[in-house]
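Presented below is the structure to which this report refers.
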Amino acid sequence: MRLYIGSLLLIFGFSSVFASPLIVAHRAGTADHPENTHHAISMALHNKADVVWLSIQFSKEGIPVLYRPSDLKELTDGNGPVSNYSWEDLQQLDAAYAFNIQGQYIYRGKGIKIPSLRETILSYPDAKFFLDIKSPDTAPIIMAGILDKLIKETHSLDRVTFYSTEKKYLAALPEYINKFETRNFTRRILTNVIMANDCKITKIPEDMLVNEPDKYHAFELKRDVRVVEKYTLGRGSSRSQLIWNQPAMACFKLNKDTKVLLMGVNSYKDYQLADTLGADYVMVDSPSAARYWR
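Counted the way this note's numbering counts, the sequence shown spans residues 1239 to 1532.
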C-alpha cells in the first residue's frame, strides 16, 4: 500500500507525543569498557541504560557465552573460534586483554572473564537483554534447543529478545520466544519507503493484535548503501545513504505492535533526531555519554 505522506506527518510529526527512546548499550557499552563482560554490563546499568545488547556464541560443549568476533585473538589472549574451546578453557582467557583507552590497557590482567549467558541472566535479574546470535558454526536447530531450555530454566522470557543477521537462527527459535524481524526484511521496507515512497506494511485491525507479540525492527539510523539500477543496456550503481525520516517511521508504526531500534546513535544530535522520529530504542556505544542526553 502507498502512504499518504501529508496525513502521516500530522500523526507522526510531533516528538512530544512519544516517550524518549530507551537507551540500548551496544555490547554492554563497547566504547566504555571491555565489551560483553559483567563489568561492562554493571557499568551500563549504572549509567542508566534501559536494555543491554549482548553477543552470544557457543562453546565446544554447547554453552552460550558472551563474545562477538569470530576469533578469540581479537579481544582476548587466546586464538581461534569460541567453539574450539570448552567452557573451562574459556575461563582461562582474559576477556579484557585487547581493550584499551588511548593506548592504555587498563583492564588487562584484572581477572575479567568471558561470561556465560546463563550466569548473566541470573546475575542481573531486573535487566532486559537484546541477544545477538553470532555463532558461525552452530547448527540452528541445536542452538534453538539450547536457548529454549535456558530461557525456560531461568524464567527469562519477558526479559530477552533475540536478534541475528542470519535468518536461519531466528527461524529456528520457537515461536514463543521474542525476536527481531530479519535484517533483510527491515531493510527492504525501509528502502521502499525512502526511495520509492511506497510502504510495504499492511495495516492490521487492532482487535487482531491483542494477543500478538510485539514486532521488533532494528536498523542503522544512517546506513551507506550501493544502489543498483537496471537499464535497457545494462546496469549502473551509485553510492547513497539510507536515513530514517518521518514517512519511514510512520510506515513501520502503521501497526501499534511494532517497536523500532535505531542503531549507531552515538551523538546527542543523532539522539535528538531519533527522538523526533519516534524511535522506541537507540543503540549506543557509550552509555556513560548517553545518560546525559535525556
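Ideal Cβ placement from N, Cα and C applies to all residues, glycine included.
### Task
Return the bridge partner residues of Gln1295 from the DSSP annotation.
Locating residue 1295 in the sequence shown gives position 57, where the first residue counts as 1. According to DSSP, Gln1295 bridges with Val1303.
### Message
Buried or exposed for Leu1395, going by 16 or more other Cβ atoms inside 10 Å?
### Response
Mapped onto the sequence shown, residue 1395 falls at position 157. Leu1395 is exposed by the Cβ-count criterion.
### Message
Please identify the residue among Phe1490, Asp1495, Met1521 and Thr1514 whose C-alpha is closest to the C-alpha of Val1503.
### Response
The residue labelled residue 1503 in the question sits at position 265 within the sequence shown. Out of Phe1490, Asp1495, Met1521 and Thr1514, Met1521 has the C-alpha closest to the C-alpha of Val1503.
### Query
Using DSSP with H/G/I as helix, E/B as strand and the rest coil, what is Phe1400?
By 1-based counting over the sequence shown, the position of residue 1400 is 162. Note: Phe1400 maps to strand in three-state DSSP.
### Task
In angstroms with no decimal places, state the Cα-to-Cα distance between Met1501 and Ala1456.
Residue mapping note: residue 1501 aligns to position 263 of the sequence shown, counting from 1. Residue mapping note: residue 1456 aligns to position 218 of the sequence shown, counting from 1. Between Met1501 and Ala1456, the C-alpha separation is close to 7 Å.
#### Entry: Alpha-carbon to alpha-carbon, Thr1314 and Ala1333
Position 95 of the sequence shown, counting from 1, holds the residue named residue 1333. Position 76 of the sequence shown, counting from 1, holds the residue named residue 1314. About 5 Å.
### Cβ-Cβ separation, Phe1418 to Phe1400 (assumed contact under 8 Å), whole Å
Translated into the one-based positions of the sequence shown, residue 1400 becomes position 162. Translated into the one-based positions of the sequence shown, residue 1418 becomes position 180. Indeed they touch by this definition, with Cβ atoms about 7 Å apart.
### Query
If you follow the alpha helix (DSSP H) that His1276 is part of, which residue opens it and which one closes it?
Translated into the one-based positions of the sequence shown, residue 1276 becomes position 38. Here the alpha helix (DSSP H) through His1276 covers His1276 to His1284.
### Task
Look at Asp1495 and Lys1453 and say whether their C-beta atoms are less than 8 Å apart.
Mapped onto the sequence shown, residue 1495 falls at position 257. Mapped onto the sequence shown, residue 1453 falls at position 215. Cβ atoms of Asp1495 and Lys1453: closer than 8 Å.
### Task
Over the uninterrupted beta strand (DSSP E) stretch that includes Leu1336, give me the two end residues.
Along the sequence shown, read from residue 1 onward, the residue named residue 1336 stands at position 98. Looking at the sequence itself, residue 1336 is Ala, so the reference to Leu does not match. Premise fails: Ala1336 is in no beta strand (DSSP E) and is neither H nor E.
### Task
For the beta strand (DSSP E) containing Lys1497, list its first residue and its last residue.
As a working note, residue 1497 is residue 259 in the sequence shown. Per DSSP, Lys1497 belongs to the beta strand (DSSP E) from Thr1496 to Met1501.
### Query
Sorted by chain position, which residues of the same chain lie with C-beta nearer than 7 Å to Tyr1407's C-beta, five sequence neighbours on each side aside?
On the sequence shown, position 169 is the one that residue 1407 refers to. The answer, listed in chain order, is Ile1371, Pro1378 and Met1381.
### Query
Can you pull the DSSP bridge partners for Leu1369?
Here residue 1369 refers to the residue found at position 131 when the sequence shown is read from its first residue. According to DSSP, Leu1369 bridges with Leu1292 and Phe1400.
### Coarse secondary structure for Ile1380, derived from DSSP in three states
Within the sequence shown, numbered from 1, the residue matching residue 1380 stands at position 142. Of the three classes helix, strand and coil, the one that applies to Ile1380 here is helix, per DSSP.
### Query
What three-state label does DSSP hand Glu1458 in the structure shown?
If you number the sequence shown from 1, residue 1458 lands on position 220. Correct three-state label for Glu1458: strand.
### Query
With 16 as the cutoff for other CB atoms within 10 Å, does Thr1420 come out buried or exposed?
As a working mapping, residue 1420 is identified with position 182 in the sequence shown. Under this definition Thr1420 is a buried residue.
### Query
Going by the beta-carbon positions, is the gap between Asn1322 and Lys1298 smaller than 8 Å?
As a first step, residue 1322 is located in the sequence shown; it is residue number 84 there, counting from the start. As a first step, residue 1298 is located in the sequence shown; it is residue number 60 there, counting from the start. It is a contact, given that the beta carbons lie within the stated cut-off.
### Query
Does the distance from the C-beta atom of Leu1459 to that of Leu1511 stay below 8 Å?
The residue labelled residue 1459 in the question sits at position 221 within the sequence shown. The residue labelled residue 1511 in the question sits at position 273 within the sequence shown. Against a cut-off of 8 Å, the Cβ pair of Leu1511 and Leu1459 comes out as a contact.
### Task
Pick helix, strand or coil for Ile1481, following the three-state DSSP scheme.
Taking the sequence shown and counting its residues from 1, the one referred to as residue 1481 is at position 243. Ile1481: strand per DSSP, three-state reduction.
### Task
Please list, in chain order, all residues of the same chain as Thr1376 whose beta carbon is under 8 Å from its beta carbon, the five residues on each side excluded.
Sequence index remark: in the sequence shown, residue 1376 carries index 138 (1-based). Counting only Cβ-Cβ distances below 8 Å, and skipping sequence neighbours, we find Gln1295, Phe1296, Gly1300 and Ser1321.
### Message
According to DSSP, is Ala1512 part of a helix, a strand, or is it coil?
### Response
Counting from one through the sequence shown, the residue named residue 1512 turns up at place 274. DSSP places Ala1512 in helix when its eight states are reduced to three.
### Query
Would Ile1432 pass as a contact of Leu1499 if the rule is Cβ separation under 8 Å?
The sequence position of residue 1432 within the sequence shown is 194, counting from 1. The sequence position of residue 1499 within the sequence shown is 261, counting from 1. Their beta carbons are not under 8 Å apart, which means Ile1432 does not touch Leu1499 by this criterion.
### Query
DSSP on Lys1417, reduced to helix/strand/coil?
Translated into the one-based positions of the sequence shown, residue 1417 becomes position 179. Three-state DSSP puts Lys1417 in a strand.
### Message
What residue range does the alpha helix (DSSP H) around Leu1408 cover?
### Response
By one-based count along the sequence shown, residue 1408 stands at place 170. Where Leu1408 is concerned, the enclosing alpha helix (DSSP H) stretches over Lys1405 to Ala1410.
### Message
I need the straight-line Cα distance from Tyr1506 to Arg1265, nearest angstrom please.
### Response
The count along the sequence shown starts at 1 and reaches residue 1506 at position 268. The count along the sequence shown starts at 1 and reaches residue 1265 at position 27. Distance between the alpha carbons of Tyr1506 and Arg1265: 20 Å.
### Query
The alpha helix (DSSP H) with Ile1359 in it runs from where to where?
Along the sequence shown, one-based indexing puts residue 1359 at 121. It spans Leu1355 to Ser1361 - the alpha helix (DSSP H) in which Ile1359 sits, taken as one unbroken run.
### Query
Roughly how many angstroms lie between the CA atoms of Gly1516 and Asp1436, to the nearest whole one?
Locating residue 1516 in the sequence shown gives position 278, where the first residue counts as 1. Locating residue 1436 in the sequence shown gives position 198, where the first residue counts as 1. Going from the Cα of Gly1516 to the Cα of Asp1436 covers about 20 Å.
### Message
I need the straight-line Cα distance from Ile1344 to Ala1269, nearest angstrom please.
### Response
On the sequence shown, position 106 is the one that residue 1344 refers to. On the sequence shown, position 31 is the one that residue 1269 refers to. Approximately 13 Å between the Cα atoms of the pair.
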